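S.K.: Just dropping this structure here.
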Amino acid sequence: MTVLDTRATAPDSAAAPALAAAARLRAVRRARHRRTALVCAALAVLLVAFTAAALLIDLNGVPASEVLPAALGLREGLADYLVFQLRMPRTLAALLAGALFGLAGALYQRLIRNPLATPDIVGISAGASAGAATVLLLAPAAYVVGAPVAAIAGSFVLVAAVQALSWRGGQVDTYRLILVGIGLSAVCVAYTNYLFTMAEANDLAIAMRWTIGSTNAADWDGVTTLATGLACCLPLAVWLNRSLTAMALGDQLATGLGTRVNPARVAVLLLGAAAAALATSVVGPIGFVSLISGPIAVWLVGAERSVLLAAPVGAAIVIGADVLALHAPLISPVPTGVLTALLGAPYFVWLILRRGQGAS
Amino acid sequence: MTHPLEARAIAAGYGKRLVIDGLDVQIAAGRITALVGPNACGKSTLLKSVARLLPLAAGSVLLEGADIHAMPTRDVARRLGILPQSPIAPESITVGDLVWRGRHPHRRFGERRTGKDDILIAEALAATGTAELVDRPVDQLSGGQRQRVWIALALAQDTPTLLLDEPTTYLDIAHQIEVMDLLADLNEKAGKTIVLVSHDLNQAALYASTIVAMRDGRIIRQGPPEEVLDARTVAEVFGLDCVVVPHPRTDRPQIFPLGRRHAPQENS
Ligand SMILES: Nc1ncnc2c1ncn2[C@@H]1O[C@H](COP(=O)(O)OP(=O)(O)OP(=O)(O)O)[C@@H](O)[C@H]1O
Ligand SMILES: [Mg+2]
């Protein structure tokens, strides 16, 4: 079609506004691509910087030039112990678990269309903790594979229970979902604490991560679990994001646009639960990461692309919090979960207060 | 000839309560069909159940001759578009992004939005007179602007059959006629089959070639406006007295209702 010729020919009353609108849409689309690229680049820089900080700060005499070879497992002695055995798994666990938490939270927030409805708030992380702690304390030998599996099982039980209890008139009532989640969460925490009373001192030190969430106890086995989990969850999330985009218009319109709404909903619920559970099985329920990653991602690139971006955002939050938890003056060392809670809890309170004032 | 859409002895409702039960209807190809009837008689329920938004308790729906429930839902969405009665827009979505959703069934996995999509969206917007709203958030539009944007979404879906539940509610009289003209154009030029629910019997008579009149979940009468829209049917379906006169230009029947105040003097 000829774009600039509208004056020469008789001005077609329908074509001119259409061309202007198409030009506008193209400009907006390109601006968004640029913004997404910029945001991704900025996040990459941030992640590299935090990772470097996590590995390099406070080296106890290991020269900085030795860190990279040691991180790849090429050195022995103190450098190997400090960098390869301690810092690398901890750093990678922080990055990977953060990505899984971010992904899980964004999936739930988009599905349920409520910023409060994340796996940790609706009790799913607590179910995962209970599952993982059960395996550690009752069958420690099966721990490496058993804990993630039990965590996923625990999270699925919680998903089913929370859904069943918040079902009302053929639909999930969001308000009930959150209250029921908080209630069931308390039950799981009580159960986990009860397990601790029977634990031996040695196991207890490891198991404590399932109360507050910490990267302290992360080892290479944990990193393998997390990396496998993320490699499975990310492609599934990309695939489901398409359905989520249609489902943002409501079930009826989404069905009309060719989405299988119910299977997609179940898939998103289970995927989000599994992602949060895998992360929890290694680093415990690091609080509020899944709550804040999604909204930050929406703010950065808009809702449609936010689910995937929430993964690097979550990773940046946890690794950043981890560096602070280890090295911040006055408070350090504290569990990572304490820092994310300091960050997330005020936002959580603000969300609730804002809801209270609003019309809903 | 197969009908684009056909319901055979369908039953549907909410929970255990059936709103329609044992209903048959055939939609004529390339025509505009208007579904009329009093509030709560089951018009939206019928529309939703033939568009597979509501599960059937019994019976079957055929889309272009094939069982709609046996087809992949995306294939259905490329042939049948439906605009429900009160759709909800996601928070702070822009008009352009909302209408872009209409392209959903045509996109393959991983396919990105291109300049061609922009043009299709813009054309749908221009057809409904909303092109200049393209950047505005949907939740800041007036009721009528919003309604036209939703129609643009249904147009962007570009299906041969289009079901619209009260597309002209909220619109002023000029925009009502504009939308009806647009639908008539789509029907005439692109050969689209259109089914719409309307509370305006006169517009239904002017634009539709078939009127389906419902009451209490059943079809009372159906056929061309000239045959269906008479004082007896209006009384039977709506419980309303009226005079019917031919439209001065088109001869289609037009309804003049007679309320309690007008009936005794003029009708006896
Ligand atoms: N989601 C729902 N859950 C339960 N009952 C419903 C639901 N939607 C409609 N109904 C009931 O089904 C019956 C038919 O409703 P329907 O929406 O089909 O009426 P309608 O003819 O479209 O009316 P209107 O002209 O007011 O849009 C009504 O009695 C209504 O109360
Ligand atoms: Mg209705």
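Heads up: the sequence lines are chains A and B, in that order. Everything in the first sequence is counted per the numbering used here, starting at 20 for the first residue and increasing by one. Everything in the second sequence is counted per the numbering used here, starting at 49 for the first residue and increasing by one. We put the beta carbon where it would ideally sit given N, CA and C, even for glycine. Computed from a predicted structure; not experimentally measured.
Could you work out which residues of chain D lie near LEU57/A, taking near to mean beta carbons separated by less than 8 angstroms?
M.R.: Absence of chain D from the displayed structure is noted, the protein chains being A and B.
S.K.: For THR274/A, would you say it is in contact with chain B, using Cβ-to-Cβ distances shorter than 8 angstroms as the test?
M.R.: Here residue 274/A refers to the residue found at position 255 of the first sequence. So, interface residue.
S.K.: Pick out whichever of ILE80/B, GLN74/B, GLY113/B has its Cα sitting closest to the Cα of LEU94/B.
M.R.: On the second sequence, residue 94/B is found 46 positions in, with the first residue counted as 1. Of ILE80/B, GLN74/B, GLY113/B, the residue nearest in Cα terms is GLN74/B.
S.K.: Rounded to the nearest angstrom, what separates TYR210/A and ARG195/A at their Cα positions?
M.R.: The residue you call residue 210/A lines up with position 191 of the first sequence. The residue you call residue 195/A lines up with position 176 of the first sequence. For TYR210/A and ARG195/A, the distance between alpha carbons rounds to 22 angstroms.
S.K.: Starting from GLU54/B, follow its DSSP beta bridges and name the residues at the other end.
M.R.: Reading the second sequence from its first residue, position 6 is the one you call residue 54/B. GLN74/B, LEU110/B.
S.K.: If contact is defined by three or more beta carbon pairs under 8 angstroms, each pair taking one atom from either stretch, is the stretch 336 to 354 of chain A in contact with the stretch 146 to 155 of chain A?
M.R.: Counting Cβ pairs under 8 angstroms, fewer than three are found: no touch.
S.K.: Identify every residue that forms a DSSP beta bridge with LEU306/B.
M.R.: In the second sequence, counting from the first residue as 1, residue 306/B sits at position 258. Beta-bridge pairing links LEU306/B to ASP289/B.
S.K.: Just checking, does the stretch 315 to 325 of chain A make contact with the stretch 175 to 187 of chain A on the three C-beta pairs under 8 angstroms criterion?
M.R.: Segments in contact, no.
S.K.: For ALA294/A, which residues in the same chain have their Cβ closer than 6 angstroms to its Cβ, ignoring the five residues on either side in sequence?
M.R.: Residue 294/A sits at position 275 when you count from the first residue of the first sequence. These residues qualify, in order along the chain: LEU119, LEU122, ALA123, CYS252.
S.K.: DSSP on ARG266/B, reduced to helix/strand/coil?
M.R.: The count along the second sequence starts at 1 and reaches residue 266/B at position 218. The answer is strand: DSSP assigns ARG266/B an E or B state.
S.K.: Can a CB atom of chain B be found closer than 8 angstroms to the CB of ALA39/A?
M.R.: Looking up residue 39/A in the first sequence gives position 20. Cβ-Cβ to chain B under 8 angstroms: yes for ALA39/A.
S.K.: Bridge partners of ALA59/B, per DSSP?
M.R.: Walking along the second sequence from the start, residue 59/B turns up at place 11. Looking at the DSSP assignment, ALA59/B forms a beta bridge with ALA106/B.
S.K.: In chain B, what lies closer than 7 angstroms to LEU114/A by C-beta?
M.R.: Here the question's residue 114/A lines up with position 95 in the first sequence. None at all; the shortest Cβ gap to chain B is about 26 angstroms.
S.K.: If you measure between the beta carbons of ARG79/B and THR216/B, is that distance less than 8 angstroms?
M.R.: On the second sequence, residue 79/B is found 31 positions in, with the first residue counted as 1. On the second sequence, residue 216/B is found 168 positions in, with the first residue counted as 1. Their beta carbons are not under 8 angstroms apart, which means ARG79/B does not touch THR216/B by this criterion.
S.K.: Give the secondary structure of ARG132/A by DSSP, where H, G and I count as helix, E and B as strand, and everything else as coil.
M.R.: Along the first sequence, read from residue 1 onward, the residue named residue 132/A stands at position 113. ARG132/A: coil per DSSP, three-state reduction.
S.K.: Could one say the Cβ of ASP82/A lies closer than 8 angstroms to chain B's Cβ atoms, at least one of them?
M.R.: On the first sequence, residue 82/A is found 63 positions in, with the first residue counted as 1. Sequence inspection shows Pro at residue 82/A; the Asp mentioned does not correspond to that position. Cβ-Cβ to chain B under 8 angstroms: no for PRO82/A.
S.K.: I'd like the ranges of any beta strand (DSSP E) spanning at least 3 consecutive residues and lying wholly in the stretch 185 to 250 of chain B.
M.R.: Runs found: 209 to 213, 241 to 245.
S.K.: Quickly, what does DSSP pair ARG294/B with across the bridge? List them, please.
M.R.: Indexing the second sequence from 1 puts residue 294/B at position 246. In the sequence as displayed, the identity of residue 294/B is Pro instead of Arg. Bridge partners of PRO294/B: PRO301/B.
S.K.: Mapping DSSP to helix, strand and coil, what is LEU101/B?
M.R.: Within the second sequence, residue 101/B is the residue found at index 53, counting from 1. In the structure shown, LEU101/B sits in coil (DSSP, three-state: anything other than H, G, I, E or B).
S.K.: Cβ closer than 7 angstroms: which chain A residues qualify as neighbours of LEU101/B?
M.R.: Residue 101/B sits at position 53 when you count from the first residue of the second sequence. Here the neighbours are GLN271, THR274, GLY275.
S.K.: Taking the straight line between their C-alpha atoms, what separation do you get for ALA105/B and ALA88/B?
M.R.: Residue 105/B sits at position 57 when you count from the first residue of the second sequence. Residue 88/B sits at position 40 when you count from the first residue of the second sequence. Straight-line Cα distance between these residues: approximately 19 angstroms.
S.K.: Cβ of GLN133/B within 7 angstroms of any heavy atom in ligand 2?
M.R.: By one-based count along the second sequence, residue 133/B stands at place 85. Answer for GLN133/B: yes, Cβ within range of ligand 2.
S.K.: In whole angstroms, what separates the C-alpha of ALA29/A from that of PHE304/B?
M.R.: Within the first sequence, numbered from 1, the residue matching residue 29/A stands at position 10. Within the second sequence, numbered from 1, the residue matching residue 304/B stands at position 256. Residue confidence is low: ALA29/A scores 41 on pLDDT, short of 50, so the model does not pin down where it sits. Its coordinate-derived value is still stated next. Cα to Cα, ALA29/A sits roughly 42 angstroms from PHE304/B.
S.K.: What would DSSP say about ILE76/A, mapped onto helix, strand or coil?
M.R.: Walking along the first sequence from the start, residue 76/A turns up at place 57. ILE76/A: coil per DSSP, three-state reduction.
S.K.: Can you check whether the C-beta of THR278/A is within less than 8 angstroms of a C-beta belonging to chain B?
M.R.: Here residue 278/A refers to the residue found at position 259 of the first sequence. It does: the Cβ of THR278/A has a partner Cβ on chain B nearer than 8 angstroms.
S.K.: On the three-pair Cβ rule with 8 angstroms, is the stretch 64 to 77 of chain A touching the stretch 175 to 195 of chain B?
M.R.: No, because fewer than three Cβ pairs between the stretch 64 to 77 of chain A and the stretch 175 to 195 of chain B fall closer than 8 angstroms, the two stretches do not touch.
S.K.: Buried or exposed: which applies to LYS237/B, given that a residue is buried once 16 or more other Cβ atoms fall within 10 Å of its Cβ?
M.R.: Sequence index remark: in the second sequence, residue 237/B carries index 189 (1-based). By the 10 Å Cβ count, LYS237/B comes out exposed.
S.K.: Please confirm whether LEU268/A has its beta-carbon closer than 8 angstroms to some beta-carbon of chain B.
M.R.: Locating residue 268/A in the first sequence gives position 249, counting from the first residue. Interface residue, yes.
S.K.: Under 7 angstroms from any heavy atom of ligand 1, does the C-beta of TYR218/B make it?
M.R.: Within the second sequence, numbered from 1, the residue matching residue 218/B stands at position 170. No.
S.K.: Are the C-beta atoms of VAL326/A and some chain B residue less than 8 angstroms apart?
M.R.: Residue 326/A sits at position 307 when you count from the first residue of the first sequence. No, no contact with chain B.
S.K.: With respect to 7 angstroms, is the separation between the Cβ of LYS91/B and the closest non-hydrogen atom of ligand 2 below this value?
M.R.: Along the second sequence, read from residue 1 onward, the residue named residue 91/B stands at position 43. Flag set: Cβ of LYS91/B near ligand 2.
S.K.: Residues in its own chain within less than 7 angstroms of ALA364/A by CB, not counting five upstream and five downstream?
M.R.: The residue you call residue 364/A lines up with position 345 of the first sequence. The answer, listed in chain order, is PHE307.
S.K.: Relative to the C-alpha of CYS207/A, which residue among ALA224/A, ASP238/A, ILE140/A, ALA63/A is closest?
M.R.: Residue numbering aside, residue 207/A sits at position 188 when the first sequence is read from its first letter. Ranking the options by Cα distance to CYS207/A, first place goes to ILE140/A.
S.K.: If you run the structure through DSSP and keep just helix, strand and coil, what is LEU317/B?
M.R.: The structure shown does not extend to residue 317/B, since chain B is modelled only from 49 to 316, so the question has no answer here.
S.K.: By the three-class DSSP mapping on this structure, what secondary structure does ILE141/B have?
M.R.: By one-based count along the second sequence, residue 141/B stands at place 93. Coil.
S.K.: Closer than 8 angstroms by beta-carbon distance: list the chain B residues that pair up with LEU370/A, in chain order.
M.R.: Translated into the one-based positions of the first sequence, residue 370/A becomes position 351. Here the premise fails: no neighbours, minimum Cβ distance about 14 angstroms.
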